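A.B. asks: For the record, in the sequence shown the residue sitting at position 194 is 207 according to this note's numbering, with numbers rising by one throughout. Think of the CB as a built atom: it goes at the ideal place given N, C-alpha and C, for glycine as much as any other residue. Since the model is a prediction, treat every value here as computed from it, not as a measurement.
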Amino acid sequence: RKITRDIKLAAIRLHERDLLTLAEILDCLRISRRTFYRILDLWRTTGDVIKHTHGICGRPRILHFDDIDYLKRIIQHRPDWFLDELQLLLQTNRFIAAHFTTIHRELVRAGISTKKLKKIATERNENLRADFIRRMAQYRPEQLGFLDEMSKDERTSARSPEGLLTIDGMVSNTVVEGSMTRVRYLEYLEASVVS
14 RKITRDIKLA AIRLHERDLL TLAEILDCLR ISRRTFYRIL DLWRTTGDVI
64 KHTHGICGRP RILHFDDIDY LKRIIQHRPD WFLDELQLLL QTNRFIAAHF
114 TTIHRELVRA GISTKKLKKI ATERNENLRA DFIRRMAQYR PEQLGFLDEM
164 SKDERTSARS PEGLLTIDGM VSNTVVEGSM TRVRYLEYLE ASVVS
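1. Can you look up residue 193 in the DSSP assignment and give me helix, strand or coil?
2. Between which two residues does the alpha helix (DSSP H) carrying residue 77 extend?
3. When the Cβ atoms of the segment 71-78 are set against those of the segment 30-47, are three or more pairs found closer than 8 Å?
4. What does DSSP give as the partner residues of residue 182 in its beta bridges?
5. Going by DSSP, what residue range makes up the alpha helix (DSSP H) through residue 50?
6. Mind checking which residues open and close the alpha helix (DSSP H) that includes residue 21?
7. Just the C-alpha distance for residue 64 and residue 21, rounded to the nearest angstrom, thanks.
8. Mind checking whether residue 23 and residue 52 have CB atoms under 8 Å apart?
9. Assuming the contact rule is C-beta atoms closer than 8 Å, residue 100 and residue 116 should be a hit. Round their C-beta distance to whole Å, please.
10. Taking all protein chains shown into account, decide if residue 62 is buried (16 or more other Cβ within 10 angstroms of its Cβ) or exposed.
11. Count the other CB atoms within 10 Å of the CB of residue 180; is the residue buried (16 or more) or exposed (fewer)?
12. If I follow the unbroken alpha helix (DSSP H) through residue 40, where does it start and stop?
13. Closest to residue 194 by CA distance: which of 183, 182 and 175 is it?
14. Could you please give the first and the last residue of the uninterrupted alpha helix (DSSP H) stretch that includes residue 143?
15. Identify whether residue 125 lies in helix, strand or coil by the three-state DSSP scheme.
16. Determine the burial state of residue 141: buried for a count of at least 16 other Cβ atoms within 10 Å of its Cβ, exposed for fewer.
17. Please identify the residue among 27, 30 and 48 whose C-alpha is closest to the C-alpha of residue 16.
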């Protein structure tokens with residue numbers, strides 16, 4: 014069983030103030046003699062009755078916070094680099110020899126997934142970005158509308174709200190019971206958006 018910090022402190026205080034005999038302390042607090050002497054030894058060496066691990070258990074980490082921050086900055090700049098390229102950069106620039114699986118694990122811990130990397134990489138494609146800007150430049154802001162779809166499912170009834178956002182705000186919306194099918198979506202576009 015786990016002995017709480019309060020019980021350990023009570024044992025030490027009762028012993029140091031000679032309020033009870035050792036046998037009475039052990040009987041009253043229901044701890045063994047060996048446990049009491051371990052607590053007493055810890056109290057005398059550290060000044061506390063519990064061991065502090067400082068949040069790190071197991072083997073020391075190869076990559077520290079600044080190393081992971083370095084990797085995150087590299088990924089923001091060059092999201093298309095592979096793990097072995099990141100491994101080489103760590104080795105040459107930071108003098109850290111880490112296996113690529115360690116790098117991958119630390120990036121996942123930092124909240125960077127392959128999906129995120131692909132999204133960053135797609136957004137970084139300068140040719141696609143320039144082409145999009147060129148195509149959109151032919152329209153005035155009043156001519157643009159953005160459709161957004163979301164779905165809600167509470168295991169009892171499914172709802173699919175749909176809305177059209179323009180420079181004037183939300184101009185059209187609908188809620189469909191169940192899923193928004195292709196036919197329903199086209200009907201919504203024809204009845205509410207195009208007309």
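C.D. replies: Here's the rundown:
1. coil
2. That residue, residue 77, is in no alpha helix (DSSP H); it is neither H nor E in DSSP.
3. no
4. 179
5. 46-59
6. 18-29
7. For residue 64 and residue 21, the distance between alpha carbons rounds to 12 Å.
8. Here residue 23 is not near residue 52, since their CB atoms are 8 Å or more apart.
9. 6 Å
10. Residue 62 comes out buried.
11. Around the CB of residue 180, fewer than 16 other CB atoms lie within 10 Å, so the residue is classed as exposed.
12. Per DSSP, residue 40 belongs to the alpha helix (DSSP H) from 35-42.
13. 175
14. 139-149
15. coil
16. Only exposed fits residue 141, as fewer than 16 other CB atoms lie within 10 angstroms of its CB.
17. 48
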